[in-house]
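Okay, structure first, notes after.
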Amino acid sequence: MGPAFLVEWIRGSTRGELRPRWRSVPLALSDLEIRGGPGTHPPDRAGRQAAGGTDRADHDQKHRRPGSGGGGSIRSPPGRSRSMTPPSTPGRNRRGMTLAELMIALSIACLVGAGVVAMTESVGRVLVEGRIQKENTIASATASSRLSAVVSASNCVLMLSPDLVVCWGADTRRDGRIQSSEVSWIRFDEKQGTLHLDQMVFPDDFGPRDEQLTDRTLETEDDFRTTLIQLTQDGLVDSKLLLDGLVDIDLSMRPGDLDRPLEQKRVSWKLNWSEGSSAHAETIITCGVHAHALPEEF
């Protein structure tokens with residue numbers, strides 16, 4: 017037999033009103049006591065039966081179950097108290113985690129956190145490497161295009177040194193002679209970490225005769241470094257910035273080739289960039305002389 021439910025009327029704590037409270041009482045069939053008799057009624061209806069009676073007793077007498085021994089009510093067995101603890105609400109009393117469960121939960125959380133951190137670092141490292149690769153590519157392309165624009169348009173190379181490369185450009189007079197206005201100096205400024213292109217220019221008020229008188233005819237054995245210094249002192253040199261952010265520059269060529277600049281059909285630079293520049297690695301730039309032509313004296 018299942019549990020039986022009893023109701024009690026208790027007085028509230030605020031206004032003193034009566035409110036029902038249900039109690040769950042587990043009962044077995046052997047614990048039931050049948051109390052019969054036509055005069056037996058629940059306590060809350062006894063006064064009403066004595067005052068005038070109702071039809072409830074007759075109805076119970078007519079419809080009671082055969083063999084029950086007369087109308088009656090179910091009461092709790094002796095020794096059982098009606099004021100029992102109500103059933104606990106699900107989720108009301110929840111136990112905490114044991115030490116082993118806590119350690120396992122913390123271990124799982126640490127593993128998940130370490131995985132997230134590792135994945136984030138990996139993604140960040142890939143992004144940084146991609147940015148560095150992009151900057152190196154852009155710097156190399158810029159250096160190659162600017163140096164090639166000077167070297168490829170030249171007839172030949174007149175001087176090769178790590179900090180100064182001299183090229184003979186187009187023969188504007190078409191006499192096969194080297195003029196100072198046809199020479200390009202690719203100069204490295206170690207203090208500034210910059211690479212410059214120096215060329216001779218004439219003042220705006222110079223006419224053709226003044227330009228011919230000012231222009232100098234050079235020989236392949238001349239000191240082109242000294243010539244550049246003299247032209248700079250005369251205010252006849254225009255300097256353009258080619259590259260910046262350099263720590264060092266060198267020629268990536270065989271030592272024997274440096275002694276024979278007129279025979280070279282290409283010039284190769286090795287650029288070392290500073291930490292603050294856009295590039296972060298060593299760059300080798302090779303430029304070729306497309307139309308190789310020597311001065312008339314050769």
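Each residue of the sequence shown is one higher than the last, beginning at 17 in our numbering.
All C-beta atoms, glycine included, are put in the ideal place defined by N, C-alpha and C.
Based on Cα-Cα distance, which residue from the options lies nearest to residue i?
i	options	result
Val182	Ser161, Phe204, Gly192	Phe204
Pro219	Ser196, Arg241, Thr210, Leu252	Leu252
Ser290	Gly192, Asp260, His306	Asp260
Ala169	Ile154, Lys150, Val199, Glu145	Val199
Ala165	Ile202, Arg276, Pro271, Gly131	Ile202
Leu180	Phe222, Asp239, Met119	Asp239
Pro271	Arg141, Leu176, Val139, Val128	Leu176
According to the neighbour-count rule (16 or more other Cβ atoms, all chains shown, within 10 Å of its Cβ), is residue i buried or exposed?
i	result
Thr188	exposed
Asp214	buried
Ile124	exposed
Met135	exposed
Val167	buried
Ser268	exposed
Ser161	exposed
Val283	buried
Ala116	exposed
Ala159	buried
Ala155	buried
Leu14	Since the first and last residues shown for the chain are 17 and 314, residue 14 lies out of range.
Leu234	buried
Leu244	buried
Would the beta-carbon of residue i be found less than 7 Å away from any heavy atom of the ligand GDP?
i	result
Leu163	With respect to small molecules bound, the structure shown includes none, and the ligand GDP cannot be examined in it.
Can you tell me where the alpha helix (DSSP H) with residue i in it begins and where it stops?
i	result
Val166	115-167
Arg241	240-249
Leu274	271-274
Arg225	224-230
Can you list, in chain order, the residues of its chain whose CB lies under 8 Å from that of residue i, leaving out five sequence neighbours each side?
i	result
Leu278	Cys172, Val173, Leu174, Thr236, Leu310, Phe314
Lys281	Gly304, Val305, His308
Glu312	Asp191, Gly192, Arg193
Thr113	Here the sequence assigns Met to residue 113, which means Thr is not the residue at that position. Once the five neighbours on either side are set aside, the close Cβ partners of Met113 are Ala121.
Glu227	Ser197, Phe218
Starting from residue i, trace the beta strand (DSSP E) in both directions and tell me its first and last residue.
i	result
Asp214	210-216
Gly304	299-304
Leu174	172-177
Ser315	Residue 315 lies beyond the stretch modelled for the chain, which goes from 17 to 314, so this question has no answer here.
Lys207	It is not in any beta strand (DSSP E) - Lys207 carries neither H nor E in the DSSP assignment.
Lys256	253-259
Leu262	262-267
Leu180	180-184
Any beta-carbon of chain D closer than 8 Å to the one on residue i?
i	result
Leu229	Of the protein chains in this structure there is only one, and it is not chain D.
Once the 5 residues before and after residue i are set aside, which same chain residues still bring their CB inside 7 Å of it?
i	result
Leu257	Thr210, His212
Spatial neighbours of residue i within its chain, please: CB distance less than 6 Å, with the 5 preceding and 5 following residues excluded, ordered by chain position.
i	result
Val217	Asp254
Asn288	Val263, Asp264, Glu298
Leu163	Ile301, Cys303
Asp266	Pro178, Lys286
Arg232	Ser196
Gly185	Ser170, Glu198, Ser200
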